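What follows is a set of notes on a single structure, which appears directly below.
Residue numbers (our numbering): 35 to 217.
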């Protein structure tokens, strides 16, 4: 698994920093076929985050301090549109939140090669080290998902012949040898 995250330099002025996340997972490295729950980067304006019920594991920027709403944008220019938005509830009672999906829920049957690009909210003081610390947990979240299925043991071979005789092919059990040591 390879996950590269880059928070690019923010230009001077009313611009937002660009974020690139590249994810490469080779299916042959995980023959146990893990079930991935997906992963999203989420932003939500104001107190909306408490109403967000994402089905996928997610990393949220809602608790970080920005000079505009903690949303995810598709342009480096302020006052531009959001990357994606989802309405919360059926009547849009709570507004919308923004998200950038890194990968969808799936069983790992084939390789995953994803690249997402989005822009973080604007800050007058362009220190994004808190975002970097938050995003540093993404590879660990993915590695945890890749462990799925590792502890679901394998079954033994059972043969049934035409006479109805069942033969369980059991592996020989290695008994540890005990040695007496005189002191």
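Built from N, CA and C at the ideal position, the CB exists for glycine as well.
Nothing here was measured: the structure is a model prediction, and the numbers come from that model.
About 14 Å separates the Cβ atoms of residue 182 and residue 61, ruling out a contact at the 8 Å cut-off. Between residue 185 and residue 192, the C-beta gap is not smaller than 9 Å, which leaves the two residues out of contact. Annotation: residue 75 to residue 55 spans about 10 Å, alpha carbon to alpha carbon. Looking at the DSSP output, residue 147 sits in a beta bridge with 58. Inter-residue distance for residue 93 and residue 78 is about 11 Å (C-alpha atoms, whole angstroms). Rounded to whole angstroms, the gap between the alpha carbons of residue 153 and residue 58 is 21 Å. When C-alpha distances from residue 95 are compared across 173, 167 and 40, the shortest belongs to 167. Out of 139, 102, 73 and 150, the CA that lies nearest to the CA of residue 158 is found in 102. Annotated three-state conformation of residue 166 is helix, per DSSP. Bounds of the alpha helix (DSSP H) holding residue 178 are 172-180.
For the pair residue 47 and residue 148, the Cα-to-Cα distance works out to about 30 Å. From the listed residues 134, 163, 135 and 105, the smallest Cα separation to residue 43 is found for 163. Distances from the alpha-carbon of residue 145 to those of 68, 190, 188 and 38 put 68 closest. For residue 36, the uninterrupted beta strand (DSSP E) run begins and ends at 36-41, by DSSP.
Scanning 105, 190, 109 and 180 for the CA closest to the CA of residue 139 turns up 180. Taking residue 50 as reference, the option from 141, 108 and 189 with the minimal CA-CA separation is 108.
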